[in-house]
Each structure stands twice: as C-alpha cells, then as structure tokens.
C-alpha cells in the first residue's frame, strides 16, 4: 500500500513539473517550450539585459561569459538528450529523468 502511494506521489510530482514547462497545455513539452522555460534563468542572471552573462553576473564572479544564443543552443542539445523516444517532445518521465 505504501509503495503504491509513493509511486502515485512520484507520478503526480512529475506531472506538476511538466505543467510548468507545458506552455500550451497539451501534456507534453516541445523543444521551444523547454528552451523558453529554461531560458528564464539566463534572463534573471543577465542583470544588464545585454544578452550576455558576463563573469561579474555569474555566481561567485567566476566562469566564462555566455550569450543567450549559446545558452539556447545548449538547452536544445539537453532537450534532445532527454527525448529518449525521439518523438520531438518530452513527457513527464523524460523531463524528470537524469540526463544520460
């Protein structure tokens, strides 16, 4: 009984996570939706809004600068790694799976 309850909770958590990404509410996440949602972090870190996260905008002031386009390209690569069934969308299980 506890195992079934835990599994149900895990599924609900995955579905809730998917809903944050799923801009059009179709129950799956496209590459465009994934990139848009994940790019919010970039925009939050780009304090001067120039489309580049400079060293000074990075936590601890360390690291290499990255442009918004480079960030989006990286996110598209991540999306394709997560899309294990290669259907062009992420379901809740794919979205919450560890990259690999």
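Numbering (full-length UniProt numbering), first residue to last: 1 to 100.
The beta carbon of each residue, even a glycine, is placed where N, CA and C say it ideally should be.
Just so we're clear, the structure is a prediction, and the values are computed from it rather than from any experiment.
Helix, strand or coil, according to DSSP, for residue 75 in the structure here? In the chain shown, the residue the question calls residue 75 occupies position 75. Helix, per DSSP.
With a Cβ-Cβ cutoff of 8 Å, do residue 23 and residue 36 count as a contact? Locating residue 23 in the chain shown gives position 23, where the first residue counts as 1. Locating residue 36 in the chain shown gives position 36, where the first residue counts as 1. Contact: yes.
Under 8 Å, do residue 21 and residue 95 count as touching if we go by C-beta distance? Translated into positions along the chain shown, residue 21 becomes position 21. Translated into positions along the chain shown, residue 95 becomes position 95. Taking 8 Å as the Cβ cut-off, residue 21 and residue 95 qualify as a contacting pair.
Pull up the DSSP beta-bridge partners for residue 90, would you. For this step, residue 90 is matched to residue 90 along the chain shown. DSSP output for residue 90 lists 29 as bridge partner(s).
Quick one: what's got a C-beta closer than 8 Å to residue 17's C-beta in the same chain, skipping five residues either side? As a working mapping, residue 17 is identified with position 17 in the chain shown. Only 92, 95 and 96 meet the Cβ criterion.
What separation, rounded to the nearest whole angstrom, lies between the Cα atoms of residue 44 and residue 52? Residue numbering aside, residue 44 sits at position 44 when the chain shown is read from its first letter. Residue numbering aside, residue 52 sits at position 52 when the chain shown is read from its first letter. Using only the alpha carbons, I get a separation of about 11 Å.
Cα-Cα separation between residue 25 and residue 87, rounded to whole angstroms: For the purposes of this step, residue 25 is taken as the residue at position 25 of the chain shown. For the purposes of this step, residue 87 is taken as the residue at position 87 of the chain shown. Answer to the nearest angstrom: the Cα atoms are 17 Å apart.
Alpha-carbon spacing of residue 61 relative to residue 55, whole angstroms: Here residue 61 refers to the residue found at position 61 of the chain shown. Here residue 55 refers to the residue found at position 55 of the chain shown. Whole-angstrom Cα-Cα distance: 5 Å.
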